[in-house]
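The structure appears below as structure tokens.
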Amino acid sequence: MIRTWHLEDPQQSLVLASHDDRLPEIIYWGAALPEDEDLTSLAQACRADVTGGMLDRAPEVSICPESTQSFPGEPGLIAYDAKGRPLRPAFRFEAEESDDNGVTLVYADEATGLRYRASFALDPRTGLISARAAIESAEPITLHWLTAPVFPAPQLADEMLELSGRWCGEFRIASTPWQAGQRVRDNHTGRTGHEHFPGLILPARGATKTSGETRAFHYGWSGGHRMVAEELPDGRRQIQFGHASGSEPQPDTRFETATLFSAFSQEGSNGCARVFQRHLRHTAPQTSPRPVHYNCWEAVYFDHNLSELQEIASRAAALGAERFVLDDGWFGRRDDDTTSLGDWQIDPRKYPDGLAPLIDHVKSLGMSFGIWFEPEMVNRDSDLARAHPDWLLGPEDQIEGRQQRVLDLARPEVRAYLFEAIDGLLSDYDISYIKWDHNRVLPAPDAAQTRGVYDLFDQLRKAHPSVEFESCASGGGRIDFGILERTGRVWLSDSNDALERLRIQHDAALFLPASVTGSHVGPRVCHTSGREIDIHTRAWVAAQRHMGFEMDPRELTDTEAEVLSTVTAWWKANRDWRMRADILRLESADPAVIAELQLAEDGQRFVVFAGQVTPSDQILPRPLRLSGLDPKARYRVRLINADETSHLSRGTPALKAGAVELSGQALMGQGMTLPWSFPERIRIIEGERL
Ligand code: GLA
0 MIRTWHLEDP QQSLVLASHD DRLPEIIYWG AALPEDEDLT SLAQACRADV
50 TGGMLDRAPE VSICPESTQS FPGEPGLIAY DAKGRPLRPA FRFEAEESDD
100 NGVTLVYADE ATGLRYRASF ALDPRTGLIS ARAAIESAEP ITLHWLTAPV
150 FPAPQLADEM LELSGRWCGE FRIASTPWQA GQRVRDNHTG RTGHEHFPGL
200 ILPARGATKT SGETRAFHYG WSGGHRMVAE ELPDGRRQIQ FGHASGSEPQ
250 PDTRFETATL FSAFSQEGSN GCARVFQRHL RHTAPQTSPR PVHYNCWEAV
300 YFDHNLSELQ EIASRAAALG AERFVLDDGW FGRRDDDTTS LGDWQIDPRK
350 YPDGLAPLID HVKSLGMSFG IWFEPEMVNR DSDLARAHPD WLLGPEDQIE
400 GRQQRVLDLA RPEVRAYLFE AIDGLLSDYD ISYIKWDHNR VLPAPDAAQT
450 RGVYDLFDQL RKAHPSVEFE SCASGGGRID FGILERTGRV WLSDSNDALE
500 RLRIQHDAAL FLPASVTGSH VGPRVCHTSG REIDIHTRAW VAAQRHMGFE
550 MDPRELTDTE AEVLSTVTAW WKANRDWRMR ADILRLESAD PAVIAELQLA
600 EDGQRFVVFA GQVTPSDQIL PRPLRLSGLD PKARYRVRLI NADETSHLSR
650 GTPALKAGAV ELSGQALMGQ GMTLPWSFPE RIRIIEGERL
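Residue numbers for the sequence shown, in numbering that gives the first Met the number 0: 0 to 689.
Below you can see the structure in the form of structure tokens.
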């Protein structure tokens, strides 16, 4: 007997089929099937052949491949009973529950007493598919591996794209060829990690940023993930995502995966990026309109002085800042990073009258006030660690990270302590923003820690619904859709080097919209790269995303301050549509140019950022082809920073002289001829549909 289930929208179909009540497999995920497609015939047509050297039936690549089926690859579940004996269920259909957007399937195995649940949902607003799995047992079991429902990987594809990275160099795309065997990523750091963004992009052969069939995945979990992308000996391919191995050290009667988010598009990786970006634009809890940010970290570090901070706040406000964030250094005796994490009491040496004099000043300037915490962490040199040495995770002789250790957030009393400390400050003062940091890896992965921190976030958000949170972990070490259910902004990187940032922002846009992506104008000489970068470039790169400043504004010359004020005013004038725009990464014919187009939700306007990172190999700029426009419509395009064009641009491309009117087809098919540019500069082109 064949059962089928169909999730569909105008762009895509996802079809599940099962034979004889066994677990189903995704037999089709791609462009929308016609309404009258016979899914039973499709299931029959998809059945694999059998030949020599294999079993008498090819076991399904089911949503949870079973070793009882002699599955020739990674099984979906690896679990043991209380005596350490492997549990090998052969699940059979028990029940299903459907609603408008999805289906939950329940399967049971009599011999082991295990029950398996998988749910799939397709969000009609975005086209995003969410899938989760859970396993239940009457008796406690030990879980080694549970995958979120398995997706097939396309056959007409030669490579997979993952995102690796490092501190100050997040979101680096790495390509791996498909070949027989497994590509495994297992992140043992206990947090999402700079190194292991939980995403995977599967372009079909020939797909690019702007065209071609592409599938993409994201595992929405902040505790570290495991990914298996496998080509079986018979050539079929499967994608598994779950918690990192070792994440569930304790036996239990129920385990579940986080949500695996999936997107399909025929418009290249941009099509998938648009789905992920739209999801976060709808769901990330954030204040709107997005206020221009000021963060004092790179201005003062731990050296807090009230009158200096007041002066900095005044100058930041004059430049256009609307939110002032007091970073690390305000609590305990935190004069450097060796001490005081955990002691969340205001330092009376730095703030003898509490935070009121600073907050009142900030508010008198029309700005809101935010503050930094690193709740999960503790220095051994702190009153908290001295009072509760048993609250610290990991062995006594562990290697520390930034001289700090991790608190055990699985313990309710630890969460209660942290809740009280943070809630106390939020209740005493008018604070509407918390930058929540996480500056070291865990001594060992533990899903209970992640569940604990989610619970703490949820309690605080319930008690203070108007407070917005930012996720930071030495920059972009904790960016994922799990944390983004609780935070409205991520600190993408500790690199305020505008050129590095341009690249990181470009690649992070595969998943992140502008509204959640923090980007700050850093000091003239970048603190993490030593590079001196022009204020125009620093300002425009920050203006690509959720804009802020982080330098000491007292270092700005009058000219620099003027440039920054002008770009900030432009940012504010355009934020309403831009914070809801789709970011489309452009194919640049010139590898020295990184370019993107931000397209308004209604398609009526756009802006292109074309960054000339290094000098080009060839003499003249190569035309830049746009994307996402209506080929038949006409657009008026204008280089809005023509005044920044170098004197070495001596010709007369039309864009230099003023607005140009062209069809979408011309802009996408031929592209725009840009004026010649110095390296390390960025050209900004606005477009309006006529
Ligand atoms: C981390 C963050 C920085 C800053 C410092 C404070 O490194 O990424 O932005 O908040 O901590 O100690």
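Yeah, the Cβ is synthetic: ideal placement off N, Cα and C, and Gly gets one too.
inquiry  = Using CA atoms only, rank isn't needed, just tell me which of Glu419, Arg488, Val659 and Tyr106 is closest to Gln63.
reply    = The identity of residue 63 in the sequence shown is Cys, whereas the question assumes Gln. When each option's Cα is compared against that of Cys63, the closest is Tyr106.
message = Measuring alpha carbon to alpha carbon, tell me which residue in Arg114, Leu596, Ile430 and Arg204 is nearest Glu255.
response = In this structure, Arg114 is the residue among Arg114, Leu596, Ile430 and Arg204 with its C-alpha nearest to the C-alpha of Glu255.
query = Do Leu455 and Leu491 have their C-beta atoms within less than 9 Å of each other?
reply = Taking 9 Å as the cut-off, the Cβ atoms of Leu455 and Leu491 do not count as close.
ask   = Based on the DSSP secondary-structure assignment, which residues constitute the bridge partners of Trp144?
value = According to the DSSP secondary-structure assignment, Trp144 is paired through a beta bridge with Ile77.
query = Residues in its own chain within less than 6 Å of Leu555 by CB, not counting five upstream and five downstream?
reply = Once the five neighbours on either side are set aside, Leu555 has no close Cβ partner at all.
ask   = Nearest CA to the CA of Leu596: which residue from Asp575, Ser626, Ala658 and Thr516?
value = With respect to the C-alpha of Leu596, the residue from Asp575, Ser626, Ala658 and Thr516 having the closest C-alpha is Ser626.
ask   = I think Val520 touches Ala507, with their Cβ atoms under 8 Å apart; what is that distance to the nearest whole Å?
value = At roughly 18 Å, the Cβ-Cβ gap does not stay under 8 Å, so Val520 and Ala507 are not in contact.
query = Candidates Gly211, Gln402 and Val452: which alpha carbon is nearest Cys271's?
reply = Residue Gly211 is the option with its Cα nearest to Cys271.
key: Whole-angstrom distance between Arg87 and Ala78, CA atom to CA atom   = Roughly 8 Å separates the two Cα atoms.
Proximity to Arg333 [Cα-Cα], best of Val324, Ala257, Glu321 and Arg379 = Nearest to Arg333 by alpha-carbon distance, out of Val324, Ala257, Glu321 and Arg379, is Arg379.
message = Rounded to the nearest angstrom, what separates Asp157 and Asn269 at their Cα positions?
response = Between Asp157 and Asn269, the C-alpha separation is close to 19 Å.
inquiry  = Looking at Asn294: is its Cβ nearer than 9 Å to the Cβ of Phe548?
reply    = Contact: yes.
query = Going by Cα to Cα distance, which pick from Arg56, Gln617, Arg184 and Val636 is closest to Gly657?
reply = Closest by alpha carbon: Val636.
message = Measuring straight from C-alpha to C-alpha, what distance separates Thr141 and Glu484?
response = Cα-Cα distance, rounded: 28 Å.
inquiry  = Please classify Asn186 as buried or exposed, where buried requires at least 16 other C-beta atoms within 10 Å of its C-beta.
reply    = By the 10 Å Cβ count, Asn186 comes out buried.
ask   = CA-CA distance, Gln611 and His292?
value = Distance between the alpha carbons of Gln611 and His292 is about 26 Å.
key: Extent of the continuous alpha helix (DSSP H) run through Lys571   = Run containing Lys571: Asp557 to Arg577, per the alpha helix (DSSP H) assignment.
query = When the Cα of Arg235 is compared with those of Met226, Asp359, Ala57 and Pro9, which residue comes out closest?
reply = Ala57 is the residue among Met226, Asp359, Ala57 and Pro9 whose C-alpha sits nearest the C-alpha of Arg235.
ask   = Hey, is Lys349 close to ligand 1, as in C-beta under 8 Å from one of its heavy atoms?
value = Lys349 Cβ: outside cutoff for every heavy atom of ligand 1.
With 16 other Cβ atoms within 10 Å as the buried cut-off, status of Leu54 = Classification for Leu54: exposed.
request  = Could you tell me the distance, in whole angstroms, from the CA atom of Phe677 to the CA atom of Ala653?
outcome  = Looking at the two C-alpha atoms, the distance is approximately 19 Å.
message = Give me the residue from Arg214, Glu230 and Leu76 with the minimum Cα distance to Arg182.
response = Looking at Arg214, Glu230 and Leu76, the one whose alpha-carbon comes closest to that of Arg182 is Glu230.
key: Separation of Trp343 from Ala420, as counted between CA atoms   = Looking at the two C-alpha atoms, the distance is approximately 6 Å.
message = Between which two residues does the alpha helix (DSSP H) holding Glu499 run?
response = For Glu499, the enclosing alpha helix (DSSP H) starts and ends at Ala497 to Ala507.
message = Which residues does DSSP list as the beta-bridge partners of Thr213?
response = When DSSP reads this structure, Thr213 sits in a beta bridge with Pro202 and Ser264.
ask   = Three-state secondary structure (DSSP) at Ala691?
value = The requested residue 691 does not occur in the structure, where the chain is confined to residues 0 to 689.
ask   = From Asp19, Gly52, Lys461 and Gly369, pick the residue whose C-alpha is nearest to that of Glu59; which is it?
value = A check of alpha carbon separations from Glu59 across Asp19, Gly52, Lys461 and Gly369 identifies Asp19 as the nearest.
ask   = Considering only residues of the same chain and omitting the five flanking positions on each side of Ala462, which have a CB-CB separation below 7 Å?
value = Exclusion of the five residues before and after Ala462 leaves Asp422 as the residues of its chain whose Cβ lies within less than 7 Å of its Cβ.
inquiry  = Does the structure place the segment 148–155 close enough to the segment 356–370 that three or more beta carbon pairs sit under 8 Å?
reply    = No contact exists between the segment 356–370 and the segment 148–155.
inquiry  = Taking 8 Å as the cut-off, is the beta-carbon of Val375 closer than that to any non-hydrogen atom of ligand 1?
reply    = In the sequence as presented, Val is not what sits at residue 375; that position holds Glu. No, since every heavy atom of ligand 1 falls outside the 8 Å radius drawn around the Cβ of Glu375.
message = Am I right that Ser221 and Thr449 are in contact with their C-beta atoms under 8 Å? What's the rounded C-beta distance?
response = At roughly 5 Å, the Cβ-Cβ gap stays under 8 Å, so Ser221 and Thr449 are in contact.
query = Hey, how far is the Cα of Trp4 from the Cα of Leu673?
reply = The straight-line gap from Cα to Cα measures roughly 50 Å.
inquiry  = Checking 9 Å against the spacing of the C-beta atoms, do Asp493 and Trp144 come in under that value?
reply    = Contact: no.
task = Count the other CB atoms, across all protein chains shown, that sit within 10 Å of the CB of Ile639; report buried if there are 16 or more and exposed otherwise.
result = With fewer than 16 Cβ atoms within 10 Å of its Cβ, Ile639 is classed as exposed.
ask   = Given that a residue counts as buried once 16 or more other Cβ atoms are within 10 Å of its Cβ, and exposed if not, what is Val524?
value = Val524 counts as exposed, since fewer than 16 other C-beta atoms from the protein chains shown sit within 10 angstroms of its C-beta.
task = Could you tell me the boundaries of the alpha helix (DSSP H) in which Met550 lies?
result = Per DSSP, Met550 lies in no alpha helix (DSSP H) segment and is marked neither H nor E.
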